[in-house]
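Heads up: the structure comes next, in structure tokens.
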Amino acid sequence: MAHGRCLLDESRPTCKRCEKAGYSCAGYERKLELRFHSFSNEAETTPSGSAKTTKEPRLSSNPRVPTSVVLGSNDNPRGFVPSDMSLVAFKNDIQFAYLFDNFVWSSYGTPWLQMSAEGRVDSLSLEACRAFSLSIFGKHHHQPDIELSGAIHYDKAVRALSSRLSSVGAPGSEELIIPIMILLMHSSTTPDPQAAAFHLQGLLKLIQICGPRKFAEGILRNAFESCRATLITVALITKTRTFLEQSIWLTEPWAEIGAANKSFQNQLVDVLVHLPGFLQDQDQLEQAQSAKLKSDLVRRIEFQIERISQWRWRWEASNVNMVWEAEPEMLPEDYVLAHFRPIRSFLVFSSCSQATELSLYNAVLLCLLALLWTLTPPDDLPPSPVPAPTTPLALPGDVESLTQPAIEICRAFEYQLTHIRNSRDSALFWLFPLGLASRVLEDDTSMMLWIKTMLETSQVTRGYGTGGNAYGFGFYRFPKIRRQRAQQLNTLFQARYSAEAIKHYSDGSSSTSSDR
């Protein structure tokens, strides 16, 4: 004390314990603390307390780091995801994203499959979609727990579906078409044929009881279009006529938008739907020859060839200058082409929809011409060589052999592979056209190598046609198609039928066959 006054100690408060141990006491000041966590096997624990007592930290040589900030980090750098960073909350997003990464499924189910995954349809559709995504994700990533979870959700969805199918015909029954379609897609990836047969029977029962008009609105029409494609594919394989060729099923589901406003793709399906009946009649002819049945069948096939010719001219008028050829060197760098290509130029479309439509057109044309030439064979000539294309696309009347539409299918498929992941367009028959083209070109080693190489570029299509495809597309079998040159093919693309004949043949082939 000096001059009767005390000298105040203005130093920072400390404690004797810290002074004795040589620690720098934090006193009563709470510092801003930044912790940079590395992934380690042991989580760092932080003692609770209002103040922390630590040894003096080593000062950083970097002058930009303030010394008043304590930097804490773990010493163990080994990788570990702490429990508070679990990805469980993103599980559905991850599994649905993997499901839709399969462009065959996503384009086939546009938009009803995506809406189901978002919960925008109903709870049963969401449950079916969840079961599908879990099973696929677990199977392809060798995660039995996830695959088992998918099986549990599948069983739950099937039980709920079975209960509701017992009252088909009640208001709202038509909405079951979407969960059944999803469960059918699910069952197509399993080796159990009974599961797929169960869902196919459910679809047939549902749409026949509900009737075509119930599927005329919005998303139900989209689902019906996908359903129709599936039922036609099954009918083609089994060579069984289907009720879908009846005129009421060709018009009523599109009553809300008008049959004239059908998409180009669905206009082609209106022709394809008659093929199973034609194949059934052909089998009947092979068992018991009938001149009347054969003559009538030939006329019906020729009429459908005329219809598809008219479709091709309409498509051409709506897509003027929308298809062209480009040299590979002129393509963007992100275009991944097969390493082997027998045709140098690349066929470019303005959209994936155009490639899908043209591919399906050529597939239907192949079916019709192959069936017609089986019934009325042209002159016996050796298989025609693969022609070098002189124009981007062949027009009706320009087709000289089955190889031309088969090659166009391959070229359209090549474009689809390079663009499908950026497309949201519907593709009802993604691999069906290529399967037919491979039957036409199976004697040409270079073309078959090209097809195989294209399929191998994507995990989704790898192994297709050989039974080894992991996504459920290796089980399709298509009839053998021989390459034959047409002698008078141009006449098939000319209008030769009256209005009465058109009505007769467009009402379906079932009426003509039932009278025999």
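Quick note: the sequence shown, position 400, residue 400 per UniProt numbering, numbers continuous.
Yeah, the Cβ is synthetic: ideal placement off N, Cα and C, and Gly gets one too.
Span of the beta strand (DSSP E), counted from its first residue to its last, around residue i
i, result
"residue 131", "Where residue 131 is concerned, there is no enclosing beta strand (DSSP E), although the alpha helix (DSSP H) it sits in stretches over 123 to 140."
"residue 326", "323 to 326"
"residue 104", "No beta strand (DSSP E) holds residue 104; the alpha helix (DSSP H) holding it covers 103 to 108."
"residue 198", "Run containing residue 198: none in the beta strand (DSSP E); it sits in the alpha helix (DSSP H), 193 to 210."
Simplified DSSP state of residue i, which is helix, strand or coil
i, result
"residue 264", "helix"
"residue 423", "coil"
"residue 431", "coil"
"residue 170", "strand"
"residue 375", "helix"
"residue 573", "Outside the shown range of the chain, which is 1 to 516, sits residue 573, and nothing can be said about it."
"residue 218", "helix"
"residue 458", "coil"
"residue 190", "coil"
"residue 336", "coil"
"residue 344", "coil"
"residue 255", "coil"
"residue 444", "coil"
"residue 464", "coil"
"residue 229", "helix"
"residue 246", "coil"
"residue 439", "helix"
"residue 120", "coil"
"residue 449", "helix"
"residue 394", "coil"
"residue 365", "helix"
"residue 331", "coil"
Integer-rounded CB distance, given that residue j should sit under 8 Å from residue i
i, j, result
"residue 137", "residue 460", "At roughly 15 Å, the Cβ-Cβ gap does not stay under 8 Å, so residue 137 and residue 460 are not in contact."
"residue 308", "residue 361", "7 Å"
"residue 368", "residue 304", "6 Å"
"residue 412", "residue 359", "4 Å"
"residue 203", "residue 227", "6 Å"
"residue 430", "residue 107", "6 Å"
"residue 223", "residue 112", "5 Å"
"residue 128", "residue 150", "Rounded, the Cβ-Cβ distance is 11 Å, inconsistent with contact."
"residue 232", "residue 276", "7 Å"
"residue 322", "residue 349", "7 Å"
"residue 153", "residue 184", "In fact, because the Cβ distance is near 16 Å, the residues do not count as touching under 8 Å."
"residue 273", "residue 242", "7 Å"
"residue 206", "residue 168", "6 Å"
"residue 364", "residue 271", "5 Å"
"residue 424", "residue 110", "6 Å"
"residue 448", "residue 441", "6 Å"
Residue i - partner residues in DSSP beta bridges
i, result
"residue 417", "DSSP output for residue 417 lists no bridge partner at all."
"residue 349", "323"
Start and end residues, alpha helix (DSSP H) containing residue i
i, result
"residue 15", "No alpha helix (DSSP H) contains residue 15, which DSSP labels as neither H nor E."
"residue 147", "144 to 165"
"residue 278", "275 to 287"
"residue 318", "291 to 318"
"residue 117", "112 to 117"
Check: residue i C-beta below 7 Å from any heavy atom of the ligand MN
i, result
"residue 239", "Among the components of this structure there are no ligands whatsoever, and the ligand MN is therefore not found."
Item to complete: Could you tell me whether the region 325 to 335 touches the region 368 to 379, where touching means 3 or more Cβ pairs closer than 8 Å?
Response: no
Worksheet entry | Segment contact, 8 Å Cβ cut-off, at least three pairs: the region 284 to 298 with the region 257 to 271 | no
Worksheet item: Is the region 195 to 214 touching the region 169 to 186 in the sense that three or more CB pairs, one from each, lie closer than 8 Å?
Response: yes
Worksheet entry | the region 434 to 441 in contact with the region 349 to 358 per 3-pair CB rule at 8 Å | no
Worksheet item: Taking contact to mean at least 3 C-beta pairs separated by less than 8 Å, is the region 309 to 324 in contact with the region 393 to 413?
Response: yes
Discussion item. Could you check whether the region 177 to 191 touches the region 116 to 131, counting it as contact only if at least three pairs of C-beta atoms, one from each stretch, sit closer than 8 Å?
Written reply: yes
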